[in-house]
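Asks: All residue numbers for the sequence shown refer to this note's numbering, where the first residue is 52 and numbers rise by one. Beta carbons are placed, not taken as given, at the ideal position from N, Cα and C, and that holds for glycine. Please read these numbers as outputs of a predicted model, since none were measured by experiment.
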Amino acid sequence: MAGRKGELMTETSIKHHLEFENISKCFYRKDTNGITYALDDINFSAEDGEFISIVGPSGCGKSTILRLIAGLIVPTTGSIYLDEERIEGPGIKRGLVFQQHSLFPWLKVEDNVAFGLKGKKDKQEIQERVEKLIKMVGLEEFHDSFPHQLSGGMAQRVALIRTMINNPPVFLLDEPLGALDAFTRMNIQDELLEMRKRNPQIMIMVTHDVDEAIYMSTRVLIMTPNPGRIKKDLKIDLPYPRNRVSDEFMEYRKEIMKELDFDTNENK
Ligand SMILES: Nc1ncnc2c1ncn2[C@@H]1O[C@H](COP(=O)(O)OP(=O)(O)OP(=O)(O)O)[C@@H](O)[C@H]1O
Ligand SMILES: [Mg+2]
């Protein structure tokens with residue numbers, strides 16, 4: 052495979068690197084015959100081992116960033132590179148868990164989870180990995196159920212482990228834990244961090260939960276809307292595992308709330 056600078060690369064020589072170069076994205080709106088400037092002048096890069104959270108108000112372009120990386124849409128201007136190769140469509144190196152779960156309705160939970168491993172030979176190993184993940188998210192009793200028999204939160208957990216099982220080098224999460232209760236949510240946050248420790252990949256997660264962003268991330272991108280821009284790229288300089296109630300944690304919380312204009316009483 053030829054890289055951006057023309058050199059040959061092999062899978063083993065790659066330390067994964069993602070690069071956004073001057074990205075903008077406009078959408079044409081049929082109803083108003085106008086244009087939505089979803090993203091403007093987005094520049095950032097990420098390496099293996101980084102866990103980046105994206106926070107910002109509704110409509111500021113968070114999902115659009117993930118969909119661009121996943122290759123589901125193309126930028127209006129600029130280019131995105133993964134390992135020096137321009138992203139031009141979907142690929143197996145990037146796994147996306149959608150904001151709304153997207154399970155295959157005709158497959159049982161266990162078959163949904165195993166779907167990404169289709170073609171792998173060792174059925175026994177597949178079965179073990181599937182069962183381990185189903186157990187991790189507390190759905191042992193539902194492995195034979197179909198998606199319509201699950202609650203929204205359960206379905207979201209299945210969607211999450213279905214992507215987890217593939218261990219993609221770039222793991223994209225669009226508010227994956229939003230529909231979960233607080234305890235399941237905290238458990239899965241720790242599972243995701245474990246996964247990152249075992250296999251340091253590039254993880255990019257959209258979340259509305261500032262605490263979740265600080266607890267999990269090495270960096271937080273704070274965005275503003277109309278057009279969607281990165282207002283601040285904040286490094287979270289705390290060792291893992293993090294203490295959710297430490298003074299340093301609270302300081303980061305204050306800083307992010309301030310950037311989001313939630314630091315005054317009028318906004319509360
Ligand atoms: N396919 C599309 N066609 C037209 N407009 C779109 C499309 N996708 C996104 N947009 C517009 O682009 C802007 C950014 O959308 P995006 O979904 O990225 O926001 P978001 O930050 O993920 O919001 P939320 O927090 O509500 O999920 C919005 O104004 C949205 O209406
Ligand atoms: Mg979104």
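Excluding the five sequence neighbours on either side, which residues of its own chain have a C-beta within less than 7 Å of the C-beta of Pro126, listed in chain order?
Replies: Ile74, Ser75, Lys76 and Leu119
Asks: Can you list, in chain order, the residues of its chain with a C-beta nearer than 8 Å to that of Ser96? Leave out the 5 residues immediately preceding and following it.
Replies: Answer for Ser96: His68, Leu69, Glu70 and Phe71, listed in chain order.
Asks: Which of the three DSSP states is assigned to His68 in this structure?
Replies: strand
Asks: Are there 16 or more other CB atoms within 10 angstroms of the CB of His152, so buried, or fewer, so exposed?
Replies: buried
Asks: Are the region 92-106 and the region 264-284 in contact at 8 Å, needing three or more beta carbon pairs?
Replies: yes
Asks: Verify the contact flag: Lys305, CB atom, against every heavy atom of ligand 1, threshold strictly below 8 Å.
Replies: no
Asks: What number of angstroms, rounded off, separates the C-alpha of Phe313 from the C-alpha of Leu158?
Replies: 43 Å
Asks: Drop a sphere of 10 angstroms on the beta-carbon of Arg249, count the other beta-carbons inside from all chains shown, and report buried for 16 or more, exposed for fewer.
Replies: exposed
Asks: What residues match up with Ser75 in a beta bridge as DSSP calls it?
Replies: Thr128
Asks: What is the DSSP secondary structure of Val148, reduced to helix, strand or coil?
Replies: strand
Asks: Please name the residue in Val164, Leu223 and Tyr88 whose C-alpha comes closest to that of Glu191.
Replies: Val164
Asks: Can we say the region 109-119 touches the region 178-197, given the rule of at least three CB pairs closer than 8 Å?
Replies: Put simply, the region 109-119 does not touch the region 178-197. Fewer than three CB pairs are less than 8 Å apart.
Asks: Rank Asp262, Ile255 and Ile131 by C-alpha distance to the C-alpha of Arg236 and give the top, closest one.
Replies: Among Asp262, Ile255 and Ile131, the Cα nearest to that of Arg236 is on Asp262.
Asks: Consider the C-beta atom of Phe78 and the heavy atoms of ligand 1; say whether any pair is separated by less than 8 Å.
Replies: yes
Asks: Please list, in chain order, all residues with a C-beta atom less than 5 Å from at least one heavy atom of ligand 1.
Replies: Phe78, Thr87, Ala89, Ser109, Gly110, Cys111, Gly112, Lys113, Ser114 and Thr115
Asks: For Leu117, report the span of its alpha helix (DSSP H) as first-last.
Replies: Lys113 to Ala121
Asks: At 3 residues or longer, and completely inside the region 252-301: list those beta strand (DSSP E) runs for me, N to C.
Replies: 253-257, 270-275 and 280-286
Asks: Output needed for Ala53: all residues of its chain with C-beta closer than 6 Å, excluding positions within five of it in sequence on either side, in chain order.
Replies: Confidence at Ala53 is low in this model, with a pLDDT of 40, below 50, so its placement is unreliable and no value can be given for it.
Asks: Is Leu184 helix, strand or coil when you go by DSSP?
Replies: helix
Asks: Can you give me the start and stop residues for the alpha helix (DSSP H) that Asn163 sits inside?
Replies: Where Asn163 is concerned, the enclosing alpha helix (DSSP H) stretches over Val160 to Ala165.
Asks: Pairing CB atoms from the region 127-144 with CB atoms from the region 298-305, are three or more of them under 8 Å?
Replies: Three or more beta-carbon pairs separated by less than 8 Å are not found between the region 127-144 and the region 298-305, which leaves the two stretches without contact.
Asks: Could you tell me the distance, in whole angstroms, from the CA atom of Thr275 to the CA atom of Ile143?
Replies: 31 Å
Asks: Can you tell me whether DSSP reads Glu226 as helix, strand or coil?
Replies: coil
Asks: Can you give the Cα-Cα distance for Asp82 and Val148, rounded to whole angstroms?
Replies: For Asp82 and Val148, the distance between alpha carbons rounds to 29 Å.
Asks: Quick one: is the Cβ of Glu226 within less than 8 Å of any heavy atom of ligand 2?
Replies: A distance criterion of 8 Å places the beta-carbon of Glu226 in contact range of ligand 2, judged by its closest non-hydrogen atom.
Asks: Please classify Glu98: is it buried, with 16 or more other beta-carbons within 10 angstroms of its beta-carbon, or exposed?
Replies: exposed
Asks: Quick one: give me the first and last residue of the alpha helix (DSSP H) that Asp91 is part of.
Replies: Segment Gly85 to Glu98 is the beta strand (DSSP E) holding Asp91; no alpha helix (DSSP H) there.
Asks: Give the secondary structure of Glu136 by DSSP, where H, G and I count as helix, E and B as strand, and everything else as coil.
Replies: DSSP places Glu136 within a strand segment (E or B) once states are collapsed to three.
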